Every structure is written in C-alpha cells, then in structure tokens.
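K.L.:
So the mapping is simple: the working numbering equals the position in the sequence shown, first residue as 1, plus 63. Every residue gets a Cβ at the ideal spot worked out from N, C-alpha and C, and that includes glycine. Being a predicted model, the structure only gives us computed values, none of them experimental. Below you'll find the structure I mean.
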Amino acid sequence: MKSEITGITRANEGIQGISWNILGQTYVPKSYAEHSFSWHATLPPGTFVPPHIHPDQDEYLYMLEGKLDFLLGNTEAQATPGDLIRLGMGVPHGIFNKSDQTAKVLFWVSPSRKLYDLFWGLHNMKEQKPEDVVAMAAEFNIHFLPPPPS
C-alpha cells in the first residue's frame, strides 16, 4: 500500500520532477497514493482524450485555464475556469480542446489503481499509435470506446 507523503509539490513541478507527454498533452503528477492520484494537465488546442471508461475509478477535473468540451455519457458539455467536472465510475467520457487556446486542468482519480503506471507506459512508447495506446490502456483497466460510425 502506498501512503501519501506530507509536503508541497511546487507550481510547475511534478513529484520527483516527473513530466509526461501523452497524446500531445503534458501531464505533471502532483500527488500519488493508493487512494488518490492527481496531475496537472496542459492540453494544447486540437488535442483530446478519446471517449473511454474507468470501471473502478471516479475521476475529477478542475478547470484552471481555457475551455474544454466533454462527452459525459451521452451528453455534450463545456467547462471553463473554476468549473469542476465529475466523472463517475463506469461512465463513458471524452475530453476535447476544440478552442484556439491552451487549457490547463487539475485532474485526480480515486482510487489510484494502475493509472500512474499506465501514464509511464504511454509516455515511454516510442510512438503513441492509437491502436497501441488503446491496447496498453486496456491492460491497465482503462477502456477506450470505438469511434462512432461515420
């Protein structure tokens, strides 16, 4: 069991200096323990996280800068600075930066499960091909949904 370590993770820094590049976005882990994992994400214009499901984690996003579009189950929504987005266990969701400005967001999941390890795996891929990202994510119990029919 990994317990939380008391301390301060400074602005613009990740725990142990870690920063990941995942699907064109920058993820900086801020805290990591068995019960909770948080990271700061920078999502440039045009980037997205395809619709997926966390079957055994609740996920939260707190908007710091920019605007994001969401698919929340079967509903579309937008969020701006100060908004909290709640993504319940098992509910399909996708995150899209359709704007012309960078979005900055604090993410966290509870419990942590294997998401921290998945991010390391994705970051270390030589090339993040969609089919390889989907296959690796499934190994860590994150399930991407097939694209909608054309």
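Excluding the 5 residues preceding and the 5 following Arg73 in the sequence, name in chain order all residues of the same chain whose CB lies nearer than 7 Å to its CB.
P.N.:
Here residue 73 refers to the residue found at position 10 when the sequence shown is read from its first residue. Answer for Arg73: no residue qualifies.
K.L.:
So, does the region 194-211 touch the region 145-153, judging by three or more C-beta pairs under 8 Å?
P.N.:
The region 194-211, when compared against the region 145-153, does not touch it at the 8 Å Cβ threshold.
K.L.:
If we call anything under 8 Å between Cβ atoms a contact, is Lys167 one with Thr69?
P.N.:
Reading the sequence shown from its first residue, position 104 is the one you call residue 167. Reading the sequence shown from its first residue, position 6 is the one you call residue 69. Going by C-beta atoms, Lys167 is not nearer than 8 Å to Thr69.
K.L.:
Taking just the CA atoms, how far does Ile158 sit from Phe133?
P.N.:
Counting from one through the sequence shown, the residue named residue 133 turns up at place 70. Counting from one through the sequence shown, the residue named residue 158 turns up at place 95. Using only the alpha carbons, I get a separation of about 5 Å.
K.L.:
My guess is that Pro108 and Asp163 are in contact by the Cβ rule of under 8 Å, so how many angstroms apart are they, rounded?
P.N.:
Residue numbering aside, residue 108 sits at position 45 when the sequence shown is read from its first letter. Residue numbering aside, residue 163 sits at position 100 when the sequence shown is read from its first letter. With a Cβ gap of about 5 Å, Pro108 and Asp163 count as contacting.
K.L.:
Jot down the residue ranges of each uninterrupted beta strand (DSSP E) in the region 135-159, minimum 3 residues, whole runs only, in chain order.
P.N.:
Whole beta strand (DSSP E) segments, 3+ residues: 138-142, 147-150 and 156-159.
K.L.:
For chain D, find out if any of its Cβ atoms is closer than 8 Å to the Cβ of Asn84; answer yes or no.
P.N.:
This model lacks chain D altogether, as it is built from one protein chain only.
K.L.:
Does the Cβ-Cβ distance between Gln120 and Pro193 come in under 8 Å?
P.N.:
Here residue 120 is taken as the residue at index 57 of the sequence shown, counted from 1. Here residue 193 is taken as the residue at index 130 of the sequence shown, counted from 1. Not a contact, by the Cβ cut-off of 8 Å.
K.L.:
Looking at C-alpha atoms only, which residue of Asn160, Asn75, Ile71 and Ile85 is the closest neighbour of Leu178?
P.N.:
Sequence index remark: in the sequence shown, residue 178 carries index 115 (1-based). Per the Cα distances, Ile85.
K.L.:
Given Trp183, which residues of its chain have a CB within under 8 Å of its CB, disregarding the five upstream and five downstream residues?
P.N.:
Locating residue 183 in the sequence shown gives position 120, counting from the first residue. Correct list, in chain order: Trp83.
K.L.:
Keeping to the same chain, check which residues put their C-beta closer than 7 Å to that of Gly87; ignore five residues upstream and five downstream.
P.N.:
As a first step, residue 87 must be located in the sequence shown, where it is residue number 24. So the qualifying residues of the chain are Pro107 and Thr110.
K.L.:
Report the rounded CA-to-CA distance for Glu122 versus His156, giving the unit in angstroms.
P.N.:
As a first step, residue 122 is located in the sequence shown; it is residue number 59 there, counting from the start. As a first step, residue 156 is located in the sequence shown; it is residue number 93 there, counting from the start. Spanning the two alpha carbons is a distance of roughly 10 Å.
K.L.:
Applying the criterion that 16 or more other CB atoms from any shown protein chain within 10 Å of the CB defines a buried residue, is Asn75 buried or exposed?
P.N.:
By one-based count along the sequence shown, residue 75 stands at place 12. So Asn75 counts as exposed.
K.L.:
Gly153: buried (16+ other C-beta within 10 angstroms of its C-beta) or exposed?
P.N.:
Here residue 153 is taken as the residue at index 90 of the sequence shown, counted from 1. It counts as exposed.
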